[in-house]
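What follows is a set of notes on a single structure, which appears directly below.
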Amino acid sequence: SAKESGRNTYRVFENNLSQAIKRRHKLANELHNAIPDRQMYLVYQPVISLVEPDALGFEALLRWQHPELGSISPMEFIPIAESSGLILELSDFVLSRALEDIGNIKALLKNTPHFSTEKLRVAINLSAAQFKTEDLVSQVVDQASHYSIDLRHLGLEVTESLFISEKAMACQVLESLRVLGCTVSIDDFGTGYSSLAYLSTLPVDTLKIDRSFVDEIETSFNDRTITLAILRLANSLGMDVVAEGVENQAQLAFLEKQACDKAQGYFFAKPMQLKELPEWLASPAHMQKKA
Ligand code: C2E
Ligand code: MG
Ligand code: MG
Ligand code: MG
399 SAKESGRNTY
409 RVFENNLSQA
419 IKRRHKLANE
429 LHNAIPDRQM
439 YLVYQPVISL
449 VEPDALGFEA
459 LLRWQHPELG
469 SISPMEFIPI
479 AESSGLILEL
489 SDFVLSRALE
499 DIGNIKALLK
509 NTPHFSTEKL
519 RVAINLSAAQ
529 FKTEDLVSQV
539 VDQASHYSID
549 LRHLGLEVTE
559 SLFISEKAMA
569 CQVLESLRVL
579 GCTVSIDDFG
589 TGYSSLAYLS
599 TLPVDTLKID
609 RSFVDEIETS
619 FNDRTITLAI
629 LRLANSLGMD
639 VVAEGVENQA
649 QLAFLEKQAC
659 DKAQGYFFAK
669 PMQLKELPEW
679 LASPAHMQKK
689 A
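The structure is reproduced here in structure tokens:
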């Protein structure tokens with residue numbers, strides 16, 4: 399009967415809910431072991447310039463290889479890390495590993511005539527918690543000097559919500575980091591609330607168009623309109639635009655036609671481990687895609 403099936407549905411729901419709670423508890427308990435046990439690592443997704451053929455960037459994305467549960471998405475464990483305070487430890491790991499890897503990627507690019515080592519930029523995602531003190535600036539400076547990395551190679555991605563929760567401190571810290579050479583991007587742009595006037599006051603170089611708009615760029619008039627508005631907005635503020643989540647040639651063609659500066663997505667490459675980069679760099683497939 400309908401009543402019975404309703405009851406069953408409820409039981410399934412309740413069951414899934416308690417499973418989800420159990421999983422969250424387990425992850426929260428085990429997250430602090432993940433760095434010492436070497437379960438955390440970074441993958442790198444290429445960011446392709448649509449205007450400068452020799453400029454190549456990457457976004458560093460964190461991965462957790464759990465001994466029993468396998469690979470766990472940052473969408474799942476970053477919020478847990480944020481609510482448990484472990485985010486600062488994870489973020490330290492990301493910063494130092496990315497800076498170390500910049501040296502390695504530069505060395506790889508030296509053997510890749512197509513790309514300039516000077517223009518290499520590797521971006522990390524920052525969490526709002528890192529802005530609660532001014533420590534971030536000295537941490538970046540210390541780690542960069544430890545690995546002998548010029549900060550022009552480091553990009554920083556923040557979300558619009560940072561400027562709502564920590565505006566004064568965030569602006570001050572990001573401005574100091576820009577003076578040192580870092581570039582600052584607003585991630586997932588278009589999903590927040592930034593107005594033109596507001597945006598012009600922020601220390602930001604680049605807007606990253608959220609993947610949800612790029613996804614339906616071919617079929618949704620709204621998403622196309624929003625994308626065009628972001629491109630125009632960025633242009634009038636002297637900012638660059640990166641389109642996230644480009645998965646096919648049609649999306650890329652639209653973005654190139656609209657003078658979007660950069661693109662990132664599965665169409666070019668999925669995020670890769672450092673050891674996979676030489677093969678990707680050597681394959682001409684990613685060059686042909688832009689033509
Ligand atoms: P994000 O910074 O917006 O990163 C882009 C996400 O889109 C990545 O997911 C990437 O794998 C995915 N992506 C890229 N191209 C495509 C595509 O063509 N199609 C589809 N469907 N997806 C694509 P990922 O690696 O799962 O990361 C999710 C989010 O977790 C990131 O979103 C970022 O907000 C957060 N995150 C990742 N690493 C870190 C980190 O080191 N620190 C902090 N605080 N957050 C991180
Ligand atoms: Mg990002
Ligand atoms: Mg994003
Ligand atoms: Mg421009």
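Here the sequence shown stands for residues 399 to 689, where the numbers follow the UniProt record's numbering. Every residue gets a Cβ at the ideal spot worked out from N, C-alpha and C, and that includes glycine.
A distance criterion of 6 Å places the beta-carbon of G468 beyond contact range of ligand 1, judged by its closest non-hydrogen atom. Screening all residues for a C-beta within a distance smaller than 7 Å of any heavy atom in ligand 3 leaves D585, D586, K606, D608, R609, E642, in chain order. Beyond the five residues adjoining it in sequence on each side, S598 comes within less than 6 Å, by CB distance, of L635 in the same chain, given in chain order. Here K508 has T515 as same chain residues with Cβ atoms under 7 Å from its own Cβ, once five neighbours each way along the sequence are excluded. With fewer than 16 other Cβ atoms inside 10 Å of its own Cβ, R436 counts as exposed. Not one heavy atom of ligand 2 is found less than 6 Å from the C-beta of E480. Contact between E457 and Q662 holds, since their C-beta atoms are separated by about 7 Å, short of 8 Å. Cβ-Cβ distances below 6 Å link N523 to E555 in the same chain, with the five nearest sequence neighbours on each side left out; the list follows chain order. N523 is bridged by DSSP to E555. At least 7 Å separates the beta-carbon of A527 from that of E564. Contact check between the stretch 668-680 and the stretch 651-660: fewer than three CB pairs, one atom from each, fall below 8 Å, which does not count as touching. For G590, the three-state secondary structure derived from DSSP is coil.
Residue range 472-482 is occupied by the alpha helix (DSSP H) that includes M473. In the three-state reduction of the DSSP assignment, F652 falls in the helix class. Taking the C-beta atoms as reference points, D613 is found no nearer than 7 Å to G588.
Between ligand 1 and I476, a heavy atom-to-CB distance of less than 6 Å is present.
Counting the other Cβ atoms within 10 Å of the Cβ of D586 gives 16 or more, which makes it buried. Within the DSSP secondary-structure output, V640 pairs in a beta bridge with K606, K660.
Check the Cα spacing between L631 and each of L594, D621, Q649: the tightest is with L594. A residue is called buried once 16 or more other Cβ atoms fall within 10 Å of its Cβ, and K530, having fewer, is exposed. Beta-bridge partners of S563 (DSSP): none assigned.
Below 8 Å, enough C-beta pairs join the stretch 539-553 and the stretch 574-584 to call them touching: three or more. Sequence-distant partners of S574 (beyond 5 residues in either direction) whose C-beta falls short of 6 Å from its own C-beta, in its chain, are V535. In this structure, Y442 sits near M670, with a CB-CB distance shorter than 7 Å.
Within the same chain, and ignoring the five residues on either side of A566 in sequence, no residue has its Cβ closer than 8 Å to its Cβ.
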